[in-house]
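Remarks on the structure that follows.
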Amino acid sequence: MTALLEIKGLHAEIAGGRKIIQGLDLTVNKGEIHAIMGPNGAGKSTLSYVLAGKPGYEVTAGEVYLNGEDLLAMGPNERAAKGVFLAFQYPLEIPGVATLTFLRAAFNAQRKARGEAELSSPDLIKRVREIAKTLNIDADMLKRPLNVGFSGGEKKRNETLQMALLQPQLCVLDETDSGLDIDALKVVANGVNALRSAERGMLVITHYQRLLDYIVPDIVHVFAAGRVVRTGGKELARELEATGYAQYQNEAA
Amino acid sequence: MGAPIRKTKAEMGLADLYQNARRSLPGGEEISAVRDSAFDRFNAVGLPHRRVEAWRYTDLRGRMKEAKRLASLPDDAAKTKAREADDLFAGAGFRRLMIVDGTFVAELSDLADLEAGLTITPMAEALVSDQPLLSQRLGPVVPDDDPALALNTALAGNGAVICVSPGTILARPIHVSFVTTNWVATSMFTRSLVNIGSGASATIVETHQGPDGSEYQVNTAMQLVVGDEARIDHVKVTREGDGALHIATVLANIGARATFNQLGFVAGGVLVRNQMFVRLAGEGTTVDIRGASLLRGSQHADTTLAIEHSAANCQSRETFKAVVADTAQAVFQGKITVSPGAQKTDAKMMCRALLLSDEAEADSKPELEIFADDVQCGHGTTTGAIDEELRFYLMARGIPEKDADALLIQAFVGEVIEGAANESIRSALTDAMLGWLGQRE
Chain B
1 MTALLEIKGL
11 HAEIAGGRKI
21 IQGLDLTVNK
31 GEIHAIMGPN
41 GAGKSTLSYV
51 LAGKPGYEVT
61 AGEVYLNGED
71 LLAMGPNERA
81 AKGVFLAFQY
91 PLEIPGVATL
101 TFLRAAFNAQ
111 RKARGEAELS
121 SPDLIKRVRE
131 IAKTLNIDAD
141 MLKRPLNVGF
151 SGGEKKRNET
161 LQMALLQPQL
171 CVLDETDSGL
181 DIDALKVVAN
191 GVNALRSAER
201 GMLVITHYQR
211 LLDYIVPDIV
221 HVFAAGRVVR
231 TGGKELAREL
241 EATGYAQYQN
251 EAA
Chain D
1 MGAPIRKTKA
11 EMGLADLYQN
21 ARRSLPGGEE
31 ISAVRDSAFD
41 RFNAVGLPHR
51 RVEAWRYTDL
61 RGRMKEAKRL
71 ASLPDDAAKT
81 KAREADDLFA
91 GAGFRRLMIV
101 DGTFVAELSD
111 LADLEAGLTI
121 TPMAEALVSD
131 QPLLSQRLGP
141 VVPDDDPALA
151 LNTALAGNGA
161 VICVSPGTIL
171 ARPIHVSFVT
181 TNWVATSMFT
191 RSLVNIGSGA
201 SATIVETHQG
211 PDGSEYQVNT
221 AMQLVVGDEA
231 RIDHVKVTRE
241 GDGALHIATV
251 LANIGARATF
261 NQLGFVAGGV
271 LVRNQMFVRL
281 AGEGTTVDIR
291 GASLLRGSQH
301 ADTTLAIEHS
311 AANCQSRETF
321 KAVVADTAQA
331 VFQGKITVSP
341 GAQKTDAKMM
351 CRALLLSDEA
361 EADSKPELEI
371 FADDVQCGHG
381 TTTGAIDEEL
391 RFYLMARGIP
401 EKDADALLIQ
411 AFVGEVIEGA
421 ANESIRSALT
431 DAMLGWLGQR
441 E
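Each protein sequence line maps, in turn, to chains B and D. Residue numbers for the first sequence follow our numbering, beginning at 1 and rising by one. Residue numbers for the second sequence follow our numbering, beginning at 1 and rising by one.
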């Protein structure tokens, strides 16, 4: 069976030549949730940007495949249409673009790219409202400009809404717990858990173990100095909470 | 600045134009005297150039190579073209007045069932009858020394005179449509006057359009006289042909406790100058002025605003946006003057440019001149490219780059279009913006 995501010998640097990812191997199969934990500066967010195709992040070696297709050859929008979704650590505010307009543009652009029929506005609105309800997002928020003036919790719920609407195959959650109080965290985690499926894989990137109490992973990787230095089951997260990352940082250096 | 030593071909052409036309231009003795004196003022300084501070970014003297002959009265073919011309506000139910090749054409204008309190007269007729109101207004208006306006005063042939009597609330917007039909380049000088009586309210939309590939020349002026407690919503859309020279002046005198909303939209013409002189003459008035310019190719569009707070307790907001592609150039000059007695003035001006290419240019010159000590005034300017982070966010959701950029441009311009109170106007301007975006490769 072809892996959902296969990363082989990945090296990546940011503009200016600073090497961030240095020899990463990682395989995510359908139905699996992988957590990537590590200290600040380990390259966790860089990994999420490299997977999503952000300009300014250069892959210098290695390969990345999504369902056997060369992900690195695709532009960000093509990756999205193929099923990659990055839930941003800091979702951007776009004044002048209503949330619903944005959702419609994204949803139909992906459909179009896949050769599927676009969804009519009433059908799309109905679908968005249903999802919004489960995330405690009120209809008024959908009319507001995208993320403008949203609280940290609202922004993350909005990311979860987009993920639920777009039904990606690979969800990359970048520090989804940052800026969330415990109630907001529960709402977001419930939204994410509702998307757990045998057809979908997730990469949950986090500094803290707290998030993994709510989104329980199958596999935990410790990421330090741009590569995976240890892999284990969900109990590894608890161990890290107790011991910290110091030992791995020394090991990586 | 002084008079140029040598007259340019265009300046000599304009002098010929005036000498040949002055006897046949509408108006009696009094108007003729106003015209002569205006032409003398123009002739003394000539066409404005870079050393004239108010025109420093728009070298009209250098760029206007010759003066085109005055457009002749529209014949049947011209009227047919005008009738069939694309109408941005078609279906909106506005009362449309047609100014074809500089001439008010009554038979193409919707003059039926005028609301009580509304009168509409062709400017040429109003001038012939020497209405004292007009001769006074045609003479020493706000900027006495602007050469482009002086030229307009000298040569103005026709236009619309719209009077709304005190207390009259016009629900139906009036659309003054200026259409150039002739592909052979000519020049048109139009002058319009809108008088809104105390407590009255009206929406006036003017649009300017013409054929691509013709170097026609438009010099148009719109004078707005707004009474106390009155309200006017004025929208000016410049969608001239791609070879056109378009110079427009808006003169506004606003009374006390009045509301003035002005919105400018530019997406056409090769050289465009929109200048506005706004005086807040009475206390407690609210002014909102917004503008958007969408430029590409080698277009040059200059928006120059002089707003004078002459009375206390007034608020003004000025918001200007320019989207500049290719080698186009956008200019914004904004000057807020607060007179000594205009205490508690609250004025804020913002100008933003979005550059879509490395060769695109935006120049902005905001100025504040404050002679009162208890005021809040501010201005800001930004110039930049499309935000790559925002573009990536949209693309990461599956939106292709071109569509992502279009969305961001729409959002950028949206703040200006949202300023229109009328839904049909917002939707027509949104369509015009989408049309412009659709034409980018």
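For each residue, glycine too, the CB sits at the ideal point set by N, CA and C.
- DSSP, read as helix, strand or coil, puts D36/D in helix.
- Taking a Cβ-Cβ cut-off of 9 Å, the neighbours of G75/B in chain D comprise M395, P400, E401, given in sequence order.
- The C-beta of G438/D comes no closer than 9 Å to any C-beta of chain B.
- With 16 or more other Cβ atoms from the protein chains shown falling within 10 Å of its own Cβ, I162/D counts as buried.
- Closest in C-alpha terms to L86/B, from the list N40/B, A52/B, G152/B, comes A52/B.
- Put simply, the CB of E388/D is near chain B, with a gap under 9 Å to one of its CB atoms.
- Only Q410, A411, F412, V413, G414, E415, E418 from the region 410-422 of chain D bring a Cβ to less than 9 Å from some Cβ of chain B.
- Per DSSP, reduced to three states, the secondary structure at R191/D is strand.
- Using a Cβ-Cβ cut-off of 9 Å, L294/D does not count as an interface residue toward chain B, since no Cβ of chain B sits closer than that to its own.
- Per DSSP, S129/D has no beta-bridge partner at all.
- With respect to the C-alpha of V100/D, the residue from T181/D, I120/D, N43/D, G117/D having the closest C-alpha is T181/D.
- One finds K54, P55, P76 in chain B with Cβ atoms closer than 7 Å to the Cβ of F392/D, taken in chain order.
- If you look at A160/D, you'll find it in the beta strand (DSSP E) that goes 160-164.
- Straight across, the Cα-Cα distance linking K236/D with D76/D is about 27 Å.
- A202/D sits in a strand when the DSSP states are folded into three classes.
- In the three-state DSSP reduction, Y208/B falls in the coil class, being neither helix nor strand.
- Bridge pairing for D174/B: I205/B [DSSP].
- Interface flag for L408/D against chain B is set, since a Cβ pair is found closer than 9 Å.
- Restricting attention to alpha helix (DSSP H) runs no shorter than 4 residues, the region 10-90 of chain D encloses them at 29-45, 60-63, 76-84, ordered along the chain.
- For the C-beta of G153/B, not a single chain D residue is nearer than 7 Å; the gap to the nearest is close to 19 Å.
- In the three-state reduction of the DSSP assignment, G282/D falls in the coil class, being assigned neither a helical nor a strand state.
- For the C-beta of V97/B, the chain D residues within less than 7 Å are, from N- to C-terminus, L407, A411.
- Around the beta-carbon of L111/D, fewer than 16 other beta-carbon atoms lie within 10 Å, marking it exposed.
- When C-alpha distances from L119/B are compared across R129/B, Q89/B, F107/B, G152/B, the shortest belongs to F107/B.
- For I182/B, DSSP assigns no beta-bridge partner whatsoever.
- Interface criterion met: the Cβ of A404/D is under 9 Å from a Cβ in chain B.
- Ranked by Cα distance from M1/B, the first of L124/B, K44/B, L66/B, N40/B is L66/B.
- Sequence-distant partners of H379/D (beyond 5 residues in either direction) whose C-beta falls short of 6 Å from its own C-beta, in its chain, are M349, P366.
- Burial check for N219/D: the Cβ neighbour count within 10 Å reaches 16 or more, so the residue is buried.
- Residue pairing by DSSP places M350/D opposite T319/D, G380/D in a beta bridge.
- In this model, L193/D and E283/D are separated by some 23 Å (Cα to Cα).
- Burial check for T153/D: the Cβ neighbour count within 10 Å reaches 16 or more, so the residue is buried.
- Between L26/B and V172/B, the gap from beta carbon to beta carbon reaches 9 Å or more.
- For Q329/D, the enclosing beta strand (DSSP E) covers residues 329-338.
- Proximity of I205/B to chain D, defined by a Cβ-Cβ separation below 9 Å, is not satisfied.
- Spatial neighbours of L263/D in its own chain (CB-CB distance under 6 Å, excluding positions within 5 residues in sequence) are listed in chain order as V235, R290, G419, A420.
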